[in-house]
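K.L.:
Handing you a structure now.
In the UniProt record's numbering, the protein residues as written are 1 to 384.
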């Protein structure tokens, strides 16, 4: 009995499916809505792929920066000294030709708070007489230079407009090699542009660009005009300020450098608070210990850095350090090379007292040193 009922059910189901497929092909409009197949999605679902959210979040806060410098020290052309010329044209022609010529440049910047503070590269606004900022929403305004830090190539501007967008800094510890990043700026003056890449390396130094280097390296395309623009993560948070590229042609070769958010925040806070950046200093000229140097001077080790010179009456001089001392540790942290040591000292506040472990005449000693104030770049040249 059950077998007969199952056979009847199977036959009925087969007939119904056959009728459905025939109707679907010949008369699809007869098929009830609840039986119709869903239409294929032609649009990409939100969040499946792409970085539109990051772009929508960050792009409004990325600005174009236009600077100009007046060049009014041009030599007067002999043409204007001719009395016959001056007789007929007077001073009008000379005045027309003597109008101030302007040297202009362009770059990018990032609005970092709603009060109108903008972070960019120092080389973008260096020696500029006028700075103009163009926002993504079409507004344009003059900008005030709050302060610069040539040793990290950072500058802070301020604009006065209402309803300004701003970009949030990413947490420094979240950045990892291999993370997807977006570079935003105004390359070659073509307009706001977004490029994508990954974080290629962290803590990149010895590049020879700035005094203090701790770059994020990326293969996201960074070109002239991108300087001062934003490097953001896929959530639209600010990871760093694009500052330089390695290139033989002037265009991107996939090696770009950005100043990390932590460094940017430190410089920004000091400039806003005091108008300048103060760093620690001990007054020594240091040198890495190479294999050749260790062999030539019969040095017992290659770790640490060797003191090649000492500033008279500077912190190191007052602490009793001598030329030829090998510095091994600073504040119980191992010294690996001159760049690491320079960055470590710069992070200390003037007046702090730190221990220095050194090697002198084959013996290890520990001395205390009071951190001083690092002179400004121009002051180093004035020192006798």
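For glycine and all other residues, C-beta sits at the position ideal for the given N, C-alpha and C.
In chain order, what residues of the same chain have a beta carbon less than 7 Å from the beta carbon of residue 346, not counting five sequence neighbours either side?
P.N.:
Closer than 7 Å at the Cβ level, and outside the excluded window around residue 346, lie 212, 279, 280 and 374.
K.L.:
Is residue 292 helix, strand or coil by DSSP?
P.N.:
Of the three classes helix, strand and coil, the one that applies to residue 292 here is helix, per DSSP.
K.L.:
Pick helix, strand or coil for residue 179, following the three-state DSSP scheme.
P.N.:
Reduced to three states, the DSSP call for residue 179 is coil.
K.L.:
Less than 8 Å between the C-beta atoms of residue 182 and residue 194, yes or no?
P.N.:
A contact, by the Cβ cut-off of 8 Å.
K.L.:
Taking the beta strand (DSSP E) that residue 341 falls in, what are its first and last residues?
P.N.:
No beta strand (DSSP E) holds residue 341; the alpha helix (DSSP H) holding it covers 338-346.
K.L.:
From which residue to which residue does the alpha helix (DSSP H) around residue 54 run?
P.N.:
Here the alpha helix (DSSP H) through residue 54 covers 52-58.
K.L.:
Please name the residue in 52, 8, 199 and 227 whose C-alpha comes closest to that of residue 216.
P.N.:
Selected option, being the one with the closest Cα: 199.
K.L.:
Cβ atoms of residue 61 and residue 235: under 8 Å apart, would you say?
P.N.:
No; because the gap between Cβ atoms is not below 8 Å, this pair is not in contact.
K.L.:
Which partner residues of residue 64 appear in the DSSP bridge assignment?
P.N.:
Answer is 108 and 134, bridged to residue 64.
K.L.:
Helix, strand or coil: how does DSSP classify residue 9 here?
P.N.:
Helix, per DSSP.
K.L.:
Use the C-beta contact count for residue 22: other C-beta atoms within 10 angstroms, 16 or more gives buried, fewer gives exposed.
P.N.:
Under this definition residue 22 is an exposed residue.
K.L.:
With three or more C-beta pairs closer than 8 Å as the rule, is the region 271-291 touching the region 308-315?
P.N.:
These segments touch.
K.L.:
Hey, is the region 252-267 in contact with the region 136-145, meaning 3+ C-beta pairs nearer than 8 Å?
P.N.:
Touching, no.
K.L.:
Applying the criterion that 16 or more other CB atoms from any shown protein chain within 10 Å of the CB defines a buried residue, is residue 368 buried or exposed?
P.N.:
By the 10 Å Cβ count, residue 368 comes out exposed.
K.L.:
Is the separation between the beta-carbon of residue 240 and that of residue 220 shorter than 8 Å?
P.N.:
Not in contact: residue 240 and residue 220 (Cβ atoms no closer than 8 Å).
K.L.:
Pick out the complete alpha helix (DSSP H) segments inside the region 308-332, 4 residues or longer, and give them in chain order.
P.N.:
Here the runs fully enclosed are 315-319.
K.L.:
Near residue 63, what residues of its chain come up, given a Cβ to Cβ distance below 6 Å and the 5 sequence neighbours on each side ignored?
P.N.:
Correct list, in chain order: 109, 133 and 135.
K.L.:
In terms of alpha-carbon separation, which member of 205, 118 and 360 lies closest to residue 265?
P.N.:
Measuring from the Cα of residue 265, the nearest candidate turns out to be 118.
K.L.:
Closest by CA to residue 154, which one among 114, 261 and 56?
P.N.:
If we check each option's Cα against that of residue 154, 261 comes out closest.
K.L.:
What number of angstroms, rounded off, separates the C-alpha of residue 151 from the C-alpha of residue 129?
P.N.:
Rounded to the nearest angstrom, the two C-alpha atoms are 21 Å apart.
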